[in-house]
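Sequence order for the protein chains is A and B.
If you're matching positions, the first sequence starts at 21 in my numbering and goes up one per residue.
If you're matching positions, the second sequence starts at 21 in my numbering and goes up one per residue.
We treat Cβ as the ideally placed atom computed from N, Cα and C, and that holds for glycine.
Protein chains: 2
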Amino acid sequence: MAGELTVSIDAMGGDAGPSIVISALVRSLQRHPEVKFILHGDETVLHELIAKRKGRFSTNVSVRHAPTRVAMDEKPSYALRRRRDSSMWHAIESVKTGEAEAVVSAGNTGALMAMGMYNLGLVDGISRPAIASVWPTQRGQTVVLDCGANIECDAEQLVDFAVMGEAFARAVLGLPRPKVGLLNVGSEDMKGHDAVRGAAAILREAKLPMEFVGFIEGNHIAEGVVDVAVTDGFTGNVTLKTVEGTAKLISFYLRSALKRSFLSRLGAVLASGALLALKRKLDPRAAGGGLMLGLNGIVVKSHGGSDALGFAYAIDTAIDMAVGGVNKSIAADRAGVVPEAALP
Amino acid sequence: MAGELTVSIDAMGGDAGPSIVISALVRSLQRHPEVKFILHGDETVLHELIAKRKGRFSTNVSVRHAPTRVAMDEKPSYALRRRRDSSMWHAIESVKTGEAEAVVSAGNTGALMAMGMYNLGLVDGISRPAIASVWPTQRGQTVVLDCGANIECDAEQLVDFAVMGEAFARAVLGLPRPKVGLLNVGSEDMKGHDAVRGAAAILREAKLPMEFVGFIEGNHIAEGVVDVAVTDGFTGNVTLKTVEGTAKLISFYLRSALKRSFLSRLGAVLASGALLALKRKLDPRAAGGGLMLGLNGIVVKSHGGSDALGFAYAIDTAIDMAVGGVNKSIAADRAGVVPEAALP
């Protein structure tokens, strides 16, 4: 289905290093036997890790040497100037030159975004890229963006995000006409600041392959009221991290509560299958990574920096985005939106 | 301990009406036998509800007639103009005239804030009031503000919130030197927009009875890294509601998971004590309501609009705030802060 698809991998990103990347590839090569992979990184290390592997590793995986790597705590501006021989830079360059359709990295998020913007530029009509994240809800999944690429956003940028989220939901989640909402402090038209009200005015008039439901409140995300929840990167980032903290807190409470007595411990053993299912449901690795939407090339940041399964999910998402043609949809849909100044 | 304390109650606020208020009072009169209560509302209805009650209801509770009430969906501006004969208005007026120290209402949040500001004004040195909420964390509790009173905030307003949160944590949570953090997209000094960076600059130099820990990220709230987490009302409101939605979603997953098989159902029965303890821990009613800090009078909005226990917790919080002298602390602490323009 994916034809001649090639995915470029920053094999040295993340805290855990290349061994989890190789473990992730075992799974990806099974699930996507038609996809080719280019691994960028220290060739000695990578060849050694691959030497033990067989099967499609010899036919579908190639290694490209990159002498350095971007550290997790390097400033994006520093990485952009000084890390042009890094595995991350080379991995992105493979997309720029056209030999790969998508890049996956578990490395420094800010550096990945900066190098992505510098090398790939933006999809036509988009003024700023955004980081999107897919959250579980009571009805399925919701795409939330921006999760931190843009600290302050005007109305047109929020419209960019709505279009990018809608295109992703159509291409990857398979929803023909996704429901899109703007996060606000209330659902009435007069609520919020100029940027959200301006974006709502534009989106209400726009002819887009989505159902714009207007303003939504925070609780509507988990309730599954929308498929795409749009907000500025400050609110999105704080909310995303607070929710991750809350999920951990509840697990912590649940574990302590279940350890309280003999009966509760016995109950926990009997219900262990159910509790494991719950744990899987809340596993942030299953979200498929942080999607850098709006870049003129597919860039996915793996959340699972220390974990092969998380990296494999991020590869799945990158492949789905390439096959689904997300960026073509974004460009086509954004072109049809009438700007606020030209509204009747 | 509370001496001659009187609490004014809007007995007609909330969806559930006055019967839950009377049930809440049964608990409050037991816990606070020294406190007097003034109930504002429909006197026929209230006298009828109280007629069956005995004990301190006859000595500590008085009823004041108010012919109308504020509806839950009325606009604050409308309520402020047209509802001056309502139970909410009269309840706030009891604080304005000095016959009560605090007011508790389960009614319309926006109207309560508007009437509170109009009638009580602000604590000296505070430019905007804020809604604070107390969240459970891995280490105890954290005060989060603003949760929605102010959509856009500058640096000085964020400083107001930090002072109000710190004073609340000292007076009510009993922490002599609370840890205060500013929510941001990262903990490095250069992160965020002008308002958070400006507020951090002011707070770093301020001599306040708190430990200013600088920028924090969303996950730090649940981890209990700070006692007070400060943010603008847009971010705070979206985050608060998203977290409430997430907690409900996880309960929903847990319930469905535990129903999956005979064994998991049996396990759930055995662990039911532990699961109930978890439920209590996550109960938003236990948070003691939404605190309207910065008003020159104590105003608490009960979350438990439909529930006596939630209302009783809100009364507890109002009493703690009055006894602890929150507003005196706010005024004294704010006066000592050097404005950004005057920083060295």
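If you look at ILE40(A), you'll find it in the alpha helix (DSSP H) that goes 38-51. Inter-segment contact for the region 93-104 of chain A and the region 46-65 of chain A is absent: fewer than three beta-carbon pairs are separated by less than 8 Å. A Cβ-Cβ separation of about 19 Å leaves ALA338(B) out of contact with VAL90(B) under the 8 Å criterion. If the five residues before and after SER48(B) are omitted, its C-beta is found closer than 6 Å to the C-beta atoms of ALA332 and ILE335, all from its own chain and listed in chain order. PHE282(A) counts as exposed, since fewer than 16 other beta carbons sit within 10 angstroms of its beta carbon. Interface criterion not met: the Cβ of ASN128(B) is under 8 Å from no Cβ in chain A.
Annotation: ASN139(B) to LEU311(B) spans about 17 Å, alpha carbon to alpha carbon.
Residue range 346-355 is occupied by the alpha helix (DSSP H) that includes ASP353(A), with no beta strand (DSSP E) assigned at that position.
Taken atom to atom, the span from the alpha-carbon of GLY75(A) to that of ILE146(A) is near 42 Å. The region 160-213 of chain A is shown to contain whole alpha helix (DSSP H) runs of 4 or more residues at 175-191, in chain order. One alpha carbon belongs to ASN80(B), the other to GLY185(B), and they sit about 31 Å apart.
Here the alpha carbon of ARG159(A) sits roughly 15 Å from the alpha carbon of ALA277(B).
Among the residues of chain B, none has a CB under 8 Å from the CB of HIS85(A); the nearest is roughly 32 Å distant.
About 4 Å separates the CB atoms of SER349(B) and ALA187(B); that is less than 8 Å, so the two are in contact. Its Cα nearest to that of GLY309(B), the residue SER322(B) stands out among SER322(B), GLY317(B) and ALA31(B). With contacts defined by Cβ atoms closer than 8 Å, THR255(A) and THR266(B) do not form a contacting pair.
The alpha-carbon of GLY127(B) is positioned some 9 Å away from that of GLY37(B). Between SER39(A) and LEU69(A), the CB-CB gap stays under 8 Å.
When the beta-carbon positions are compared, GLU237(B) and GLY212(B) stay at least 8 Å from each other. With contacts defined by Cβ atoms closer than 8 Å, ASP247(B) and LEU193(B) form a contacting pair. Only exposed fits MET210(B), as fewer than 16 other CB atoms lie within 10 angstroms of its CB. Here LEU311(A) is bridged, per DSSP, to ALA152(A) and VAL320(A). Within the region 321-338 of chain B, no residue places its CB atom closer than 9 Å to a CB of chain A. Under the DSSP assignment, ILE146(B) falls outside any alpha helix (DSSP H); it carries neither an H nor an E label. For LYS199(A), the nearest beta carbon of chain B is not closer than 8 Å to its own beta carbon. Between the C-alpha atoms of LEU178(A) and LEU165(A) there is a straight-line separation of about 9 Å.
Spatial neighbours of HIS67(B) in its own chain (CB-CB distance under 8 Å, excluding positions within 5 residues in sequence) are listed in chain order as VAL83.
Here DSSP, grouped into helix, strand and coil, assigns GLU113(A) to helix. Within 7 Å of the CB of GLN158(A), the CB atoms of chain B belong to LEU269 and PHE272, in sequence order along the chain. Your pair ALA131(A) and ASP105(A) does not check out as a contact, with CB atoms roughly 14 Å apart and the cut at 8 Å.
When the five nearest sequence neighbours on each side are left out, no beta carbon in the same chain lies closer than 7 Å to the beta carbon of TYR273(A).
Less than 8 Å divides the Cβ of ALA249(A) from the Cβ of LEU203(A).
Rounded to whole angstroms, ALA169(B) and ALA150(B) show a C-alpha spacing of 5 Å. What ARG148(B) touches in chain A, judged by beta-carbon distance under 9 Å, is nothing: the nearest beta carbon there is about 15 Å away. Contact check for ILE241(A) and THR162(B): beta-carbon distance about 22 Å, past the 8 Å limit, so the pair fails to qualify.
For VAL163(B), there are no C-beta contacts with chain A under 8 Å, since the nearest C-beta of that chain is about 14 Å from it.
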